[in-house]
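Single-structure report; data block below.
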Amino acid sequence: MEIKVVNKEGKETGKKVSLSPEVFGVEPNEHVIWLEVKQFLANQRQGTHKAKERAEVSRTGKKLHRQKGTGGARHGSRRSPIFVGGGTIFGPRPRNYSFKLNKKVKSLAKKSILSERAKEGKVIVVEDFALDTPKTKDYINFLNAVGVNGKSLFVVDGNENNLYLSARNVPKTLVSEKNEVNIYDLVNAENILISENALAHLETILK
Numbered sequence: 001m002e003i004k005v006v007n008k009e010g011k012e013t014g015k016k017v018s019l020s021p022e023v024f025g026v027e028p029n030e031h032v033i034w035l036e037v038k039q040f041l042a043n044q045r046q047g048t049h050k051a052k053e054r055a056e057v058s059r060t061g062k063k064l065h066r067q068k069g070t071g072g073a074r075h076g077s078r079r080s081p082i083f084v085g086g087g088t089i090f091g092p093r094p095r096n097y098s099f100k101l102n103k104k105v106k107s108l109a110k111k112s113i114l115s116e117r118a119k120e121g122k123v124i125v126v127e128d129f130a131l132d133t134p135k136t137k138d139y140i141n142f143l144n145a146v147g148v149n150g151k152s153l154f155v156v157d158g159n160e161n162n163l164y165l166s167a168r169n170v171p172k173t174l175v176s177e178k179n180e181v182n183i184y185d186l187v188n189a190e191n192i193l194i195s196e197n198a199l200a201h202l203e204t205i206l207k
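Numbering-wise, full-length UniProt numbering puts 80 at position 80 of the sequence shown, and it's gapless, one number per residue.
The structure is reproduced here in structure tokens:
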């Protein structure tokens with residue numbers, strides 16, 4: 001699959017790049033994408049939730065009343081879960097939600113979503129986007145020129161600080177370095193913009 005390369009003004013440069021069929025031409029596997037997104041979100045969880053059980057709450061240990069003769073139910077402690085302020089039965093405990101996925105599965109997930117966007121014509125290759133100074137207006141004009149309206153992810157080669165600053169105030173837009181691209185951002189993006197150098201890097205590591 002060949003697509004045209006655009007410059008930072010959004011105009012065609014006359015060049016074309018051939019997208020690797022091993023990365024942008026695979027049959028999308030929705031289940032693998034789901035697994036990778038599930039793992040990504042699970043890894044974001046702190047897992048520090050904790051509820052105190054009856055042995056851990058700070059309340060009196062005195063018996064409420066004598067065992068017999070009051071006509072009331074027998075009770076031994078205010079820490080019992082049936083009382084307000086008592087312990088929690090089987091409450092949440094700290095735990096680690098992360099789980100392992102094989103490298104091939106993770107790679108297939110990324111290739112699946114990239115292939116899906118490529119078939120939809122939502123992958124745009126950009127020649128160079130080096131900005132001398134941060135300017136949000138220039139970035140918005142670029143997005144309008146290439147016809148990007150919805151959510152977009154711009155994958156760049158290195159630390160393009162001026163580009164980050166230009167795009168950070170633009171709604172539904174994310175700029176990510178090539179080594180920090182994750183499945184959640186790829187799935188969330190309706191349009192994927194990639195610099196030429198970042199494209200070569202992604203094709204190398206995902207093949």
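For glycine and all other residues, C-beta sits at the position ideal for the given N, C-alpha and C.
None of the values given here were measured: they were computed from a predicted structure.
Proximity of VAL146 and ILE124 at Cβ, strictly below 7 Å: yes
Buried versus exposed, by CB contacts within 10 Å (16 or more), ARG79: buried
Same chain, Cβ closer than 7 Å to ASN50, neighbours up to 5 away in sequence not counted: One detail in the question is off: residue 50 reads as Lys in this sequence, not Asn. Here the set comprises PRO92, ARG93 and PRO94.
Rounded C-alpha distance that separates LYS151 from ASN161: 21 Å
Three or more C-beta pairs below 8 Å linking the stretch 60–69 and the stretch 34–49: no
Nearest to GLU9 (by Cα), restricted to the options GLU177, VAL126, GLU203 and LYS62: VAL126
GLU177, enclosing beta strand (DSSP E) - first and last residue: 173–177
When VAL175, LEU35 and LYS16 are compared against SER98, the one with the closest alpha-carbon: LEU35
CA-to-CA distance, ALA55 to LEU206, given in whole angstroms: 52 Å
Beta-bridge partners of VAL146, as assigned by DSSP: In the DSSP output, where bridge partners are listed per residue, VAL146 has none listed.
Short Cβ contact (7 Å threshold) for PRO134 with LEU165: yes
Contact under 7 Å by Cβ, ALA198 with VAL156: yes
The ligand PLP heavy atom lying under 6 Å from the CB of VAL187: Ligands displayed in this structure: none; no statement on the ligand PLP is therefore possible.
Exposed unless 16 or more other CB atoms sit within 10 angstroms - verdict on LYS100: exposed
Contact belief for GLU2 with SER18 at Cβ below 8 Å, rounded distance in angstroms: 5 Å
Cβ pair VAL32, ALA118 closer than 7 Å: no
Pairwise C-alpha distance: THR48 and residue 244: Nothing can be reported for residue 244: it is not among the residues displayed for the chain, which extend from 1 to 207.
Burial state of ALA58, where buried means 16 or more other Cβ atoms lie within 10 Å: In the sequence as displayed, the identity of residue 58 is Ser instead of Ala. With fewer than 16 Cβ atoms within 10 Å of its Cβ, SER58 is classed as exposed.
Top-ranked residue by Cα proximity to PRO28, from GLY14, SER107 and GLY72: SER107
Whole-angstrom distance between LYS111 and ALA189, CA atom to CA atom: 14 Å
Given ASP185 as reference, the closest of LEU153, LEU163, THR88 and GLY61 once Cα atoms are compared: LEU153
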